[in-house]
Amino acid sequence: MKHTIKELEDIASQIRRDIVRMVHGCQSGHPGASLGCADFFTALYFEVLNHKTDFTMEGAGEDLFFLSNGHISPVWYSTLAHAGYFDKSELATFRKLNSRLQGHPTTHEHLPGIRIASGSLGQGLSVAIGAALAKKLNGDQSHVFALLGDGELQEGQNWEAAMFAPFNKVDHLIASVDYNGQQIDGPTSKVLALDDLQAKFEAFGWHVINTDGNDMQAIVEGLHYAKTLTGKGKPILNLMSTQMGAGVDYMVGSHKWHGTAPNDEQLASALAQLPETLGDY
Amino acid sequence: MKKYEYTEKKDTRSGFGAGLHEAGKKNENVVALCADLVGSLKMDAFIKDFPERFTQVGIAEANMIGIAAGMTINGKIPFTGTFANFSTGRVYDQIRQSVAYSNKNVKICASHAGLTLGEDGATHQILEDIGLMKMLPGMVVINPCDYNQTKAATMAIAEYEGPVYLRFGRPVIPVFTDPDQKFEIGKAWMVNEGTDVTIIATGHMVWKAIEAGEQLAELGIDAEIINIHTIKPLDDEAILKSVKKTGCVVTCEEHNKFGGLGESVARLLTTELPTPQEFVATNDTFGESGTPDQLMSKYGLDAVNIVEAVQKVIGRKKA
Chain U
1 MKHTIKELED IASQIRRDIV RMVHGCQSGH PGASLGCADF FTALYFEVLN
51 HKTDFTMEGA GEDLFFLSNG HISPVWYSTL AHAGYFDKSE LATFRKLNSR
101 LQGHPTTHEH LPGIRIASGS LGQGLSVAIG AALAKKLNGD QSHVFALLGD
151 GELQEGQNWE AAMFAPFNKV DHLIASVDYN GQQIDGPTSK VLALDDLQAK
201 FEAFGWHVIN TDGNDMQAIV EGLHYAKTLT GKGKPILNLM STQMGAGVDY
251 MVGSHKWHGT APNDEQLASA LAQLPETLGD Y
Chain G
1001 MKKYEYTEKK DTRSGFGAGL HEAGKKNENV VALCADLVGS LKMDAFIKDF
1051 PERFTQVGIA EANMIGIAAG MTINGKIPFT GTFANFSTGR VYDQIRQSVA
1101 YSNKNVKICA SHAGLTLGED GATHQILEDI GLMKMLPGMV VINPCDYNQT
1151 KAATMAIAEY EGPVYLRFGR PVIPVFTDPD QKFEIGKAWM VNEGTDVTII
1201 ATGHMVWKAI EAGEQLAELG IDAEIINIHT IKPLDDEAIL KSVKKTGCVV
1251 TCEEHNKFGG LGESVARLLT TELPTPQEFV ATNDTFGESG TPDQLMSKYG
1301 LDAVNIVEAV QKVIGRKKA
């Protein structure tokens, strides 16, 4: 372990503060699933990922990460800043004119840490597979990680990718699903039910593991375990239960905070629940 | 009129296959992907020599574009292959976000473009692809005219850094360009120098323009014929230079007149040098089943249609 669980939880608390402040600062963006994935991003970038903050697009010899559900950009931007990819002061520019921190992540403004644009849903798993295939061709044994939203699994391209990866033994790939059960129009169970995702991915040939995405110990152990499963002929799917809005009591578990910014009063209430640990931007 | 002769007919998709094979030999980073149309795209030679650098994705074009975009990140130069319709309209958003906006070095190679796909009919005969692709910021759009030019273009785009759409076709057509040509992206080819009218043609329509040029010569009309193989970026200089001399222009393409080469030329001329122009193109229509020759005739894409358009535009110039 590079950090204790307590240290990682402290980082996640700062990232959650940043998320709420960033979304409040421009009065737009997606706080719900960003908060829900703060523990995952912390575990990934501060504990699991073998990466360099001196960013190169190729990332030869490094683990790569692809975010498919690009709307949770606040959590990624804050994580990248605290990991050292760019100065945290830049978080204040989120979604504002002439910023590298676009509403959805993009390579267009050359923000370090971003390797593909995402936002239009359902494309990230294919891209991650391509990166993994190219690494294999290059004899590069490092891993490729991806995060997908659960709602975006309604996009058909995911299932093209889900069919492709096991058949082609793309086995250095660890895809996580942010399984919070919510999407813009309501619970996924009411909009278009995902039903038994584990059985679906297993039927396609994936090795599926389950983790609690809001328990730091569990997510760190889960991702380390996932790494031990790679190189054995199957891609890995981490079905990760999270709570939308985790860490801010009035946002927890509700799709209403998918894409809504808090007002001044709500911001104060959220920040009171999230200790400042690394210094606000 | 300069004399063009040919000894054989070949399909432009075979030029692509040959060019891909050569590019693969030259650069080990060249990889190919196909969505269940290996034979149609003539990828066999590449696959035989470089099996580990070929990815069969099955009938899943969206996944193919995403995988190709991902492969560029580790320095690969992916060439994706399927029919033009499935290369563009079907996967427009995947190309827009994962390739164009992300500025990935993907070569989208599209066969069976236009009416000359023939008997399969309108579901497969895309006549809108040039428009779709040229509207994407940063996308290079190329539509070569014969086997040799397609082969040369395929090799050239492997050396160009950035997203490219390469459009070619199914039928065998005359091979009339230099087998050893150097293909320069964005550079027009002067097919025939003339003084009375500028005929600008792309793809399969270049040979038709040559046939039309011969018929026009017999009528005493001296046509300048320019091949624009790269629709974007357009060779503004070559077009303006020619039109300054001739004073009128006819554009020829196997594509809808909405959004195609003709509109690109019109956009240039209307801002730089307003000039009478006629369009030889399909007119806001889908295709249908038939032989390639029957379809080109029915939809007004034959040499005779170019001759008529030239006569009309010369009349407008004098008016």
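Chain order of the listed sequences is U and G. For the first sequence, position 178 matches number 178 in the numbering used here, and the numbering has no gaps at all. For the second sequence, position 120 matches number 1120 in the numbering used here, and the numbering has no gaps at all. We put the CB at the ideal spot given by N, CA and C, even for glycine. In this text, all values refer to a predicted model and were calculated from it rather than measured experimentally.
Beta-carbon proximity of residue i to residue j, cut-off 9 Å
| i | j | result |
| --- | --- | --- |
| G231/U | M1071/G | no |
| H1124/G | L1117/G | yes |
| M1064/G | L1033/G | yes |
| M1135/G | G1259/G | yes |
| P235/U | V170/U | yes |
| K1048/G | A1158/G | no |
| D348/U | L194/U | The displayed coordinates of chain U run from 1 to 281. Any statement about residue 348/U would go beyond what the structure contains. |
| D1222/G | M1001/G | yes |
| D249/U | R21/U | no |
| W1189/G | T1198/G | no |
| N210/U | A246/U | no |
| Q157/U | A1062/G | yes |
| A117/U | Q1097/G | yes |
| L67/U | H143/U | no |
| T1251/G | Q1215/G | no |
| A161/U | S126/U | yes |
Identity of the residue in the options nearest residue i by Cα
| i | options | result |
| --- | --- | --- |
| V1140/G | I1126/G, E1161/G, Y1147/G and D1120/G | E1161/G |
| D87/U | L97/U, L101/U and G259/U | L101/U |
| D1011/G | E1022/G, M1001/G, K1042/G and K1003/G | K1042/G |
| D264/U | S241/U, V75/U and Q27/U | Q27/U |
| L1166/G | N1029/G, V1307/G and V1106/G | V1106/G |
| T107/U | A1110/G, W1207/G and S1102/G | S1102/G |
| T1007/G | V1175/G, A1122/G, H1112/G and V1091/G | V1175/G |
| N216/U | F41/U, L278/U, V208/U and H71/U | Before going further, note that residue 216/U is Met rather than Asn in the sequence given. Cα-wise, what sits closest to M216/U is F41/U. |
| F46/U | Q182/U, A81/U, I116/U and G32/U | A81/U |
| H1112/G | I1228/G, H1255/G and G1213/G | H1255/G |
| E152/U | N180/U, V23/U and E109/U | N180/U |
| H51/U | E109/U, G113/U and E276/U | G113/U |
| G1058/G | D1036/G, K1076/G, K1208/G and D1044/G | D1036/G |
| M251/U | G32/U, E9/U, R17/U and S13/U | G32/U |
| A1309/G | G1290/G, M1296/G, S1289/G and A1281/G | A1281/G |
| F963/G | S1014/G, S1242/G and V1164/G | A question about residue 963/G goes unanswered here, because the residues of chain G that appear run from 1001 up to 1319. |
| R1170/G | N1192/G, P1144/G and Q1181/G | P1144/G |
| D1284/G | A1122/G, T1195/G, D1180/G and G1066/G | A1122/G |
| L1268/G | A1238/G, T1246/G, Q1294/G and S1289/G | A1238/G |
Residue i, buried or exposed, once every other Cβ within 10 Å from all chains shown has been counted against 16
| i | result |
| --- | --- |
| F167/U | exposed |
| M1/U | exposed |
| L1273/G | exposed |
| S34/U | buried |
| I19/U | buried |
| A146/U | buried |
| T242/U | buried |
| A97/U | It is Leu, not Ala, that sits at residue 97/U in the sequence shown. Counting Cβ neighbours within 10 Å, L97/U comes out exposed, since fewer than 16 surround it. |
| K1232/G | buried |
| L1219/G | exposed |
| K1318/G | exposed |
| I1095/G | buried |
| H110/U | exposed |
| S89/U | exposed |
| H297/U | Only positions 1 to 281 of chain U appear in this structure, which leaves residue 297/U out of reach. |
| P275/U | exposed |
| P1179/G | exposed |
| Q141/U | exposed |
| H224/U | exposed |
Counterpart residues of residue i in DSSP-defined beta bridges
| i | result |
| --- | --- |
| I1199/G | I1225/G and V1250/G |
| Q1277/G | V1249/G |
| I236/U | I174/U and H207/U |
| Y1165/G | I1108/G and V1141/G |
| N1256/G | T1282/G |
| D1011/G | V1172/G |
| A1032/G | F1054/G and F1079/G |
| K1232/G | V1141/G |
| Y179/U | S241/U |
| W1189/G | N1227/G |
| D212/U | S241/U |
| G186/U | Q183/U |
Cutoff 9 Å: residue i Cβ touching any chain B Cβ
| i | result |
| --- | --- |
| S126/U | Included in the structure are the protein chains U and G, with no chain B among them. |
Q: Any chance you could list the beta strand (DSSP E) runs of at least 3 consecutive residues sitting entirely within the region 1048 to 1123 of chain G, in chain order?
A: Taken in chain order, the whole beta strand (DSSP E) runs of length 3 or more contained in the region 1048 to 1123 of chain G are 1054 to 1056, 1077 to 1083 and 1107 to 1111.
Q | Within the region 104 to 155 of chain U, ranges of the beta strand (DSSP E) (whole runs, at least 3 residues) | A | Fully enclosed beta strand (DSSP E) runs of 3 or longer: 144 to 149.
Q.
Ignoring anything shorter than 3 residues, give me the beta strand (DSSP E) runs that lie fully in the region 34 to 98 of chain U, in order along the chain.
A. For the region 34 to 98 of chain U, whole beta strand (DSSP E) runs of length 3 or above, ordered along the chain, are 64 to 67.
Q: Could you pull out every unbroken alpha helix (DSSP H) segment of at least 4 residues lying fully inside the region 242 to 281 of chain U, listed in chain order?
A: Within the region 242 to 281 of chain U, the complete alpha helix (DSSP H) runs of at least 4 residues are 264 to 273.
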